[in-house]
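Student: As they're listed, the protein sequences go chains Z and L.
In terms of the numbering used here, the numbers along the first sequence are unbroken and rise by one, the last being 358.
In terms of the numbering used here, the numbers along the second sequence are unbroken and rise by one, the last being 462.
Supplied in structure tokens, the structure appears directly below.
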Amino acid sequence: MSDAALSLPPADSLFRRNLRDFRRNRLAMASLVVVLVFVVMAVAAPLIAPQDPNETDLFRRLQPPGWMAGGDWAFPFGCDALGRDILSRIIYGARISIFIGLAVIVLATGVGIAAGLAAGYFRGWVDVVISRIVDILLGFPYLIFAIGLMAMMGPGLLNIVLALAYKEWVIPCRVVRGETLAVRELEYVEAARALGAGPRHIMGREILPNILSPVIVVSTIRMAHVIILEASLSFLGLGVQPPTASWGSMVSDGRAFILEAWWVSTFPGLAILLLVLAINVASQGLRDAFDPRFSE
Amino acid sequence: MSLPGFWFGILLIMLFAVHLQILPVSGRIGYDNEVAAITGFLLIDTLLAGDIAAFGDTLRHLILPAITLGLPMTAILMRVTRTSMLEVLRQDYVTFAEAKGLPRRRVLFRHALKNALIPTVSVAAIETGSLLGGNMIVETVFGWPGLGRLVVESIFLRNYPLVQAAVLLYAVTYVLLNFVADILYTVLNPRVKL
């Protein structure tokens, strides 16, 4: 008898089963690949970009894409009003979108988990205070809130992250609070308490690991929203300042030339659409696989 | 739902205004159709002036901004209504209505849709917030002299009191709209009392 026949099948944990469900979802896997391509593009931008994204050349002003008359394949998506290569700017713009998306989500999820755990675990006045703050923030339209904050703080990379995170944290917070309220009454939490564990241990070691998957699912879904919001802020001129390439401001730059040069705003917009769509589809796949409420 | 609104608006302009040339690029009314301002609402003013051509021109200027602002919300509301409709159709009273032999259309619209619309109304109220924010973008794209563009422009001019007042105005509008939605709620679902 061979060794392979003797060994037991690997333990089929819930996590592994969920992961297998996710892998079976072809559309979600394809979307994940698209997201990864964008991430690689962002990380390796200086190696991939064919041109310097900020190098201007007025002789190439509004040069059409490579396949059109007057185009040059060295500048496949054409050039903008200052003769900068659009493809290179899109590749560098991915850095801004993905960095802001990740930074906002990480910051907001961290704050949201801490506040949600505290509200759900301690209840009482802690819960009242945190829940009221959440209610107030939810009562504000998102983009208007962010625009107001940007107006106060001034533009800049760090300020965008803060302006979006100020409101974004309420979403993971509500999820965590709800889950904590349900989990804190379970036997294993009671067992930990009986063993003399303090609130920090119970919240961090007992409750948190068990409520993490819905939080991660919500965070990935929200990341798509954050990327669109950042692009909207940049489009309005409140985001990253020129000459740094950002997809939203590239679309805005092209607006003045839509009569003669459609490519200037079309391609960066397409990049936003593709990345956000991919994140949305992938995160819905994650939700279907990892959130028990959605599994059939 | 993954479409950024500002880009969608620009695409619409490229297709309908630049390429097909059947709709205007931006603005509220053509220069040759302007009428005396009475209420400030161009649709009403043009009718009061009896100028049908100007009325039509105003309408044509409205089409693209309205689609840009409304289509993402349509997608969201469609999804919410679909989910809630699927849930309602599983209820006993729907089965009962079908068993009574009522026509399918009557069951769908009278029995199921009326109940399925309850979450749609509350989501619509919440989403008006994104409409208010979206206005800033749509007004910028289509060159409308509205509150949204005023806010954006005053940010660049560092006119902060104006920004603060506008944000407050937006917030109050939002709360009022949600209040209206709550009242609508009681009409749709008499079990809920204010």
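Cβ atoms here follow ideal geometry from the backbone N, Cα and C, with glycine treated the same way.
Remember, predicted model here, so these are calculated numbers, not experimental data.
Residues in the stretch 197-220 of chain Z with C-beta within 9 Å of chain L's C-beta atoms, listed in sequence order?
Tutor: Residues passing the 9 Å Cβ filter: LEU200, GLY201, PHE202, PRO203, TYR204, LEU205, ILE206, PHE207, ALA208, ILE209, GLY210, MET212, ALA213 and MET214.
Student: Beta-carbon within less than 8 Å of LEU337(L)'s beta-carbon, same chain only, minus the 5 sequence neighbours each way: which residues are those?
Tutor: Counting only Cβ-Cβ distances below 8 Å, and skipping sequence neighbours, we find GLY273, LEU399, GLY402, ASN403 and VAL406.
Student: Should VAL95(Z) be labelled buried (16 or more other beta-carbon atoms within 10 Å of its own) or exposed?
Tutor: Per the 10 Å Cβ criterion, exposed.
Student: Can the beta-carbon of GLY316(Z) be found closer than 8 Å to that of VAL326(Z)?
Tutor: It is a contact, given that the beta carbons lie within the stated cut-off.
Student: Give a yes or no on whether the C-beta atoms belonging to ARG239(Z) and GLY182(Z) are separated by under 8 Å.
Tutor: In this structure, GLY182(Z) lies closer than 8 Å to ARG239(Z) by Cβ.
Student: Select from PHE276(L), MET282(L) and GLY308(L) the residue whose C-alpha is nearest the C-alpha of GLY414(L).
Tutor: When each option's Cα is compared against that of GLY414(L), the closest is GLY308(L).
Student: Between LEU316(L) and the rest of its own chain, which residues show a CB-CB distance below 6 Å, the 5 nearest in sequence each way excluded?
Tutor: Hits under 6 Å: ILE306.
Student: Would you check if the stretch 112-119 of chain Z and the stretch 169-180 of chain Z touch, i.e. whether three or more CB-CB distances between them fall below 8 Å?
Tutor: No: the two stretches stay apart, fewer than three of their Cβ pairs being nearer than 8 Å.
Student: In whole angstroms, what separates the C-alpha of LEU144(Z) from that of PHE121(Z)?
Tutor: Distance between the alpha carbons of LEU144(Z) and PHE121(Z): 9 Å.
Student: According to DSSP, which residues form a beta bridge with CYS141(Z)?
Tutor: Beta-bridge pairing links CYS141(Z) to ASP147(Z).
Student: Between ARG157(Z) and chain L, is there a C-beta pair that is closer than 8 Å?
Tutor: Chain L, which has no Cβ nearer than 8 Å to the Cβ of ARG157(Z), makes this no.
Student: PRO371(L) lies in the alpha helix (DSSP H); which residues open and close that run?
Tutor: No alpha helix (DSSP H) contains PRO371(L), which DSSP labels as neither H nor E.
Student: Tell me which residues share the same chain as GLU395(L) and place their Cβ nearer than 7 Å to its Cβ, disregarding the 5 neighbours each side in the sequence.
Tutor: Cβ within range, chain order: MET341 and ILE344.
Student: Taking Cβ to Cβ, would you say TRP309(Z) is nearer than 8 Å to GLY155(Z)?
Tutor: Yes, they are a contact pair.
Student: In chain Z, which residues lie less than 8 Å from TYR438(L) when you measure between Cβ atoms?
Tutor: The contacting residues are PRO203 and ILE206.
Student: Given 8 Å as the limit, is there contact between the stretch 86-103 of chain Z and the stretch 147-165 of chain Z, that is, 3 or more CB pairs closer than that?
Tutor: The answer is yes - the stretch 147-165 of chain Z touches the stretch 86-103 of chain Z, with three or more Cβ pairs under 8 Å.
Student: Indicate the three-state DSSP secondary structure (helix, strand or coil) for ASP197(Z) in the structure shown.
Tutor: Of the three classes helix, strand and coil, the one that applies to ASP197(Z) here is helix, per DSSP.
Student: Can you pull the chain L residues whose beta carbon is under 9 Å from the beta carbon of SER311(Z), in chain order?
Tutor: Going along chain L, no residue has its Cβ under 9 Å from SER311(Z), so there is no contact; the nearest lies around 11 Å.
Student: Just list the beta strand (DSSP E) runs in the stretch 381-452 of chain L, keeping only unbroken ones of 3 residues or longer that don't cross its boundaries, in chain order.
Tutor: Runs found: none.
Student: Buried or exposed for PRO127(Z), please, with buried defined as at least 16 other CB atoms from any protein chain shown within 10 angstroms of its CB.
Tutor: Burial call: buried.
Student: Grab me the residues of ARG417(L)'s own chain with a C-beta within less than 6 Å of its C-beta, minus the 5 sequence neighbours each way, in chain order.
Tutor: So the list reads GLU407 and THR408, once near-sequence residues are dropped.
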